[in-house]
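Student: Take a look at the following structure, please.
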Ligand SMILES: Cc1cc2nc3c(=O)[nH]c(=O)nc-3n(C[C@H](O)[C@H](O)[C@H](O)COP(=O)(O)OP(=O)(O)OC[C@H]3O[C@@H](n4cnc5c(N)ncnc54)[C@H](O)[C@@H]3O)c2cc1C
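Numbering (this note's numbering), first residue to last: 6 to 393.
This is how it looks when you write it as structure tokens:
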């Protein structure tokens, strides 16, 4: 019987010292004041080029990040694989908008697709579409505003980069997740994802678009793209998340004088998420499902759906996923029970991944329930080991 509170399985890969580090980190993260002080200090340190890697590397970085370079992550992918958890290596350097930054993000993604094809412990490749161009172009294209000549060139280059990434993934048989980002960029991203699925998902899903189910329009979107995929004779790859930018989106909608794209309540988001997952599982002959969440109920809901629909636990059209360093109780217990599970593992040099780390810390602080759940499980496991 699947049980997310089995901490012996959840922390089987963690040494005692890893567990104590996790305890100290999540206790610190629980304090909003401490996280805000940390954020301020980090911003100052970055601005004046103060080396702070020595403080971050053995703590936050060690817990949440796989390494500085792609190859550094092999050790982590091997350790996870011992518990039947697979990896998704996510280049998480904070993106700049210069040509060098874009080229670097593109090359890094190509490398990560090639790496995924050679490491059987890596289940998917992934990238952030905004890293592939300047954001203002995506924003104007999404708003269907007329682009200047220079913007049109940049937009075409963006589409070519995405095409090349999908083509590489298709050639090497690597499934490719395209992350979702801010609402104002998403229309253009959706459009290019749909075009890529028509081209590359003819035999199975290679390209996956991400649906943020805190958006109240996503079920209608899912139904539309499903119908188009049936008519067009190709497969859909859908990654579900709730969405990471709720407060920003609500504020933007107020400032911009347009209706908020976000569900009014958490309950509505949860319902939307569950409905989306149900829809894809009920259409598994045409849609592959990637479920990215730390919510225990949502994971259990997907488990139940697989049982109800007589779908094997390890059917390769269904993947569960959590972020590295979070919700190991879900990932390890699912993997132990025979489900397909992958951890999203960020990698990047220390100074370039700091904004990611601060976001993780802030996210855990704002989700008080989640942090206390993590801490509860860690304490439970420490007590269990002491007793034994
Ligand atoms: C593997 C993985 C990949 C991810 N990739 C992406 C990505 O590509 N793009 C992206 O945006 N995010 C991504 N995320 C983050 C994700 O969107 C969520 O922010 C995060 O996982 C928390 O949601 P949850 O389902 O895990 O947990 P829960 O605690 O159940 O849900 C918290 C979420 O619910 C929503 N919510 C909270 N309060 C309300 C409210 N009052 N009204 C309406 N909705 C509310 C918000 O989305 C909030 O983040 C990813 C997460 C994972 C695990």
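Backbone N, C-alpha and C fix where the C-beta goes; we use that ideal spot for every residue, glycine too.
Considering only the alpha carbon of each residue, which of 85, 197, 139 lies closest to residue 159?
Tutor: Minimum Cα distance to residue 159 is reached at 139.
Student: Helix, strand or coil for residue 285? Go by DSSP, reduced to three states.
Tutor: Here residue 285 sits in helix by DSSP.
Student: Ligand 1 and residue 249: does the residue's C-beta get closer than 8 Å to at least one heavy atom of that ligand?
Tutor: The answer is yes for residue 249.
Student: Cβ of residue 241 within 8 Å of any heavy atom in ligand 1?
Tutor: Checking every heavy atom of ligand 1 against the Cβ of residue 241, none is found closer than 8 Å.
Student: What residue ranges within the segment 200 to 250 form continuous beta strand (DSSP E) runs of no fewer than 3 residues, ordered along the chain?
Tutor: Complete beta strand (DSSP E) runs here, min 3: 212 to 217, 241 to 246.
Student: List the residues that DSSP assigns as beta-bridge partners of residue 4.
Tutor: Absent from the structure is residue 4, since the part of the chain shown begins at 6 and ends at 393.
Student: Indicate whether residue 179 and residue 146 have their beta-carbon atoms separated by less than 9 Å.
Tutor: Their beta carbons are not under 9 Å apart, which means residue 179 does not touch residue 146 by this criterion.
Student: Extract the residue ranges of the alpha helix (DSSP H) inside the segment 125 to 157, only unbroken runs of 4 or more that lie entirely within it.
Tutor: Runs found: 140 to 147.
Student: Identify the continuous alpha helix (DSSP H) that holds residue 339 and give its terminal residues.
Tutor: Where residue 339 is concerned, the enclosing alpha helix (DSSP H) stretches over 333 to 341.
Student: Is the Cβ-Cβ distance between residue 68 and residue 30 less than 9 Å?
Tutor: Yes, the Cβ-Cβ distance between residue 68 and residue 30 is below 9 Å.
Student: Whose C-beta lies closer than 6 Å to the C-beta of residue 223 among residues of the same chain, with five residues either side of it excluded?
Tutor: Around residue 223: 216.
Student: For the 8 Å Cβ check, are there 3 or more pairs between the segment 116 to 135 and the segment 374 to 393?
Tutor: Short answer: they don't touch.
Student: Quick check: residue 365 and residue 94, are their CB atoms within less than 9 Å of each other?
Tutor: Contact: no.
Student: Here's a check: name, in chain order, each residue in its chain whose Cβ is nearer than 6 Å to the Cβ of residue 44, leaving out the five neighbours to either side.
Tutor: Excluding positions up to five away in sequence, the list reads 363.
Student: Look at the alpha carbon of residue 192 and the alpha carbon of residue 74, and state the distance between them as a whole number of angstroms.
Tutor: Cα to Cα, residue 192 sits roughly 32 Å from residue 74.
Student: Secondary structure at residue 21, three-state DSSP: helix, strand or coil?
Tutor: In the structure shown, residue 21 sits in a helix (DSSP, three-state: H, G or I).
Student: When DSSP labels each residue in this structure, what does residue 64 get in the three-state scheme?
Tutor: Of the three classes helix, strand and coil, the one that applies to residue 64 here is helix, per DSSP.
Student: When you compare each of 21, 199, 171, 186 to residue 254 by their alpha carbons, which one comes out closest?
Tutor: Looking at the Cα atoms, 186 is the closest of the given residues.
Student: In angstroms with no decimal places, state the Cα-to-Cα distance between residue 36 and residue 239.
Tutor: Rounded to whole angstroms, residue 36 to residue 239 spans 48 Å at the Cα level.
Student: Opposite residue 91 in the DSSP bridges: which residues?
Tutor: According to DSSP, residue 91 bridges with 347.
Student: In or out: residue 313 buried (at least 16 other Cβ within 10 Å) or exposed?
Tutor: Exposed, because fewer than 16 other Cβ atoms sit within 10 Å of the Cβ of residue 313.
Student: Is residue 31 close to ligand 1? I mean its beta-carbon at under 8 Å from any heavy atom of the ligand.
Tutor: Because no heavy atom of ligand 1 lies under 8 Å away, the Cβ of residue 31 does not count as near it: no.
Student: Just tell me which of 388, 390, 348 has its CA closest to the CA of residue 82.
Tutor: Here the closest residue by C-alpha is 348.
Student: Expressed to the nearest angstrom, what Euclidean distance is found between the alpha-carbon atoms of residue 388 and residue 165?
Tutor: In a straight line, the C-alpha of residue 388 is about 54 Å away from that of residue 165.
Student: Whole angstroms is fine: what's the gap from residue 354's alpha carbon to residue 109's?
Tutor: Distance between the alpha carbons of residue 354 and residue 109: 13 Å.
Student: If you draw a straight line from the C-alpha of residue 284 to the C-alpha of residue 293, how long is it?
Tutor: In a straight line, the C-alpha of residue 284 is about 11 Å away from that of residue 293.
Student: Please classify residue 219 as buried or exposed, where buried requires at least 16 neighbouring CB atoms within 10 angstroms.
Tutor: With 16 or more Cβ atoms within 10 Å of its Cβ, residue 219 is classed as buried.
Student: Is there at least one non-hydrogen atom of ligand 1 closer than 8 Å to the beta-carbon of residue 297?
Tutor: Checking every heavy atom of ligand 1 against the Cβ of residue 297, one is found closer than 8 Å.
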